[in-house]
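Note that the UniProt record's numbering has the sequence shown beginning at 1, numbered continuously upward.
Glycine is no exception: its CB is placed at the ideal position from the N, C-alpha and C atoms.
Please read these numbers as outputs of a predicted model, since none were measured by experiment.
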Amino acid sequence: MDQNEKQRQFTREYRQLFDFLYRYVRYRVPSVEDAEDVVSDVFVQAYARLDGYEPLLGTFRQ
1 MDQNEKQRQF TREYRQLFDF LYRYVRYRVP SVEDAEDVVS DVFVQAYARL DGYEPLLGTF
61 RQ
């Protein structure tokens, strides 16, 4: 899978997971700003590791 396809897959995963992850984090942290920071950090780290992502091995959520 080439880099462009991995980026498209990342975008799909982001769109599918953002609301779930945000609600999960928001329930556990004291403020909206903290929740936004945590979710942002999660996706920044996931994107930084995009080269190691193999969609055939599972989704981000697994």
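When the Cα atoms are used, F18 and Y27 turn out to be separated by approximately 14 angstroms. Remark: C-beta atoms of E36 and Y47 do not approach each other more closely than 9 angstroms. Distance from the CA atom of E13 to the CA atom of V25, rounded to whole angstroms, is 17 angstroms.
With a minimum length of 4 residues, the unbroken runs of alpha helix (DSSP H) contained wholly in the UniProt domain "RNA polymerase sigma-70 region 2" (14 to 60) fall at 32 to 48.
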